[in-house]
Ligand SMILES: Cc1cc2nc3c(=O)[nH]c(=O)nc-3n(C[C@H](O)[C@H](O)[C@H](O)COP(=O)(O)OP(=O)(O)OC[C@H]3O[C@@H](n4cnc5c(N)ncnc54)[C@H](O)[C@@H]3O)c2cc1C
Ligand code: FES
């Protein structure tokens, strides 16, 4: 009996911890391609990039923890294949290992630029520890930076670089930032926030090519601008790391497909985290979610199933993003909404509630943690909520959801 | 090193050595107190690091700021007057011997 986990990040490490917490007695091997101690990713574009968090505080667990819990951690080790017919995996170093149960927690890989000049050394990404370290090593040589991408990573990278006193130009290839993930009100808030910190945001603009300059690089844009930069940071999304699963014959479709217990199409193989595509019972559709919440909660579900206490996954998705002093918190999934309601306490503190077919499906809160918490707590079911009460800041948010008791 | 005692939901108590300057949440996570999930890593976004600090230690703690209070009062089913988010409590020499109750994880 043994369990092997491929990928030691938010999902994989927590799966190992949960297996032990649920009483798993056999050996647990946690394998990661990266050489550093397993670490948290969110600070890579925030506190760690800003040099406000020491290296060790990035670690998910201290080194001794793995020994105490009898978890074998194999770093700098890449798995090259899964042999589902004989329950074994092959490593890059030629060795192979047998498993009773396997958990795939391989996460996602960044999408790379493909324009001319994409291989220049001034071009950076933000996914792994080494990426942020690479930027930090250059930080004193960077005065001007071009950030490509208007998603969370691009916005956070731009905010962190501006906080470090760099001159930032942010290229966004749509009409607003976060165009795919939020509504105009939230996008506009971020546009204004970033501009107020001196960031030059260029909307509807793409990078066409990047050339080497006497000092740094020149980024040529679709507006025919030639932007001089000492560094370029790219955040244009990720793709699920599903090749091991695919080559082993498991069902994949925009991620490794799993059932409500995080089990793949093979009885002994589970998959969790960013690499997974699953049917969300609350939203009644197939989704793939990139968040710490999703990684940690799915690790619990997989561990429970492996420990013969299967409990179907039904956690409400939630997410956060910190940029400058703004705290965005999101509960639920808003895509497909047909109506919104705003609860505004001030220009800097508001919430947008998303509705679909009269039911509340999600909320984005800006500097309004109490609304986030109250809503997240109630989003375990989709129900109709009085829109007028939601918008009325004189009504306690808990009373909106629970008019009788106010609990 | 400081002695910090966590009283778990089943009433067993665990005393661990903590570093000055660390948060109470970090101390719990580093020592495998699994009820403290700390999903957001301490940036006061998730409330999964809820704990209850014994009465006699209240005067040694900096009171919660607005974000922490808002998260607490709306996150926790039975938020008690001594409820705190452990990621917002930073330990110093005056906290040696601190006793905190860890509720069953609500998440
Ligand atoms: C800069 C940044 C900021 C973020 N900010 C937030 C935030 O504020 N809030 C939030 O909720 N989420 C945030 N996220 C997303 C969050 O970090 C991810 O959802 C989470 O890391 C997913 O965890 P995971 O374990 O599924 O995958 P990953 O973290 O991607 O880890 C997968 C691991 O598997 C390893 N691996 C892959 N293939 C192999 C192989 N063949 N052999 C061995 N090892 C392998 C990889 O090296 C990697 O270490 C952020 C992500 C980034 C990059
Ligand atoms: S760890 Fe998230 S609020 Fe404390």
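Residue numbers (my numbering), protein chains in the order written: chain C, 97 to 503; chain U, 5 to 111.
Every residue, glycine too, gets a C-beta built ideally from N, C-alpha and C.
- DSSP, read as helix, strand or coil, puts residue 100 of chain U in coil.
- Taking a 10 Å sphere around the C-beta of residue 454 of chain C, we find fewer than 16 other C-beta atoms and assign the residue as exposed.
- With a 10 Å radius around the Cβ and a threshold of 16 neighbouring Cβ atoms, residue 224 of chain C comes out buried.
- A Cβ closer than 5 Å to some heavy atom of ligand 2 marks a residue here, and those residues are U/42, U/44, U/46, U/48, U/50, U/53, U/89 and U/91.
- Between residue 445 of chain C and residue 169 of chain C, the alpha-carbon positions lie close to 44 Å from each other.
- Non-local beta-carbon contacts of residue 50 of chain U in its own chain, meaning distances under 7 Å to residues more than five positions away in sequence, involve 43 and 44 in chain order.
- Residue 223 of chain C has its CB nearer than 6 Å to a heavy atom of ligand 1.
- A residue is called buried when at least 16 other Cβ atoms come within 10 angstroms of its Cβ; residue 5 of chain U does not meet this threshold and is exposed.
- One Cα belongs to residue 33 of chain U, the other to residue 40 of chain U, and the distance between them is close to 7 Å.
- Exclusion of residue 430 of chain C from the 6 Å shell around ligand 1 follows from its C-beta lying no nearer than that to any non-hydrogen atom of the ligand.
- The residue from C/162, C/178, C/334 and C/312 with its alpha-carbon nearest to that of residue 218 of chain C is C/312.
- Counting only unbroken stretches of 3 or more residues, the beta strand (DSSP E) elements lying wholly within the region 185–227 of chain C are 192–194, 197–200, 204–206 and 219–221, in sequence order.
- One alpha carbon belongs to residue 60 of chain U, the other to residue 99 of chain U, and they sit about 11 Å apart.
- Of all residues in the region 414–441 of chain C, the ones placed with a Cβ closer than 7 Å to any Cβ belonging to chain U are 416, 418, 423 and 425, in chain order.
- The beta carbons of residue 87 of chain U and residue 56 of chain U sit closer together than 7 Å.
- For residue 175 of chain C, the shortest C-beta to heavy atom distance toward ligand 1 is below 6 Å.
- Using a CB distance cut-off of 7 Å, residue 60 of chain U does not count as an interface residue toward chain C.
- The three-state secondary structure of residue 229 of chain C, taken from DSSP, is helix.
- Under the three-state reduction of DSSP, residue 29 of chain U is assigned to helix.
- Of the candidates C/277, C/319 and C/447, C/277 places its Cα closest to the Cα of residue 432 of chain C.
- Taking 6 Å as the cut-off, one finds no heavy atom of ligand 1 near enough to the beta carbon of residue 439 of chain C.
- Residue pairing for residue 415 of chain C: DSSP places it in a beta bridge opposite C/426.
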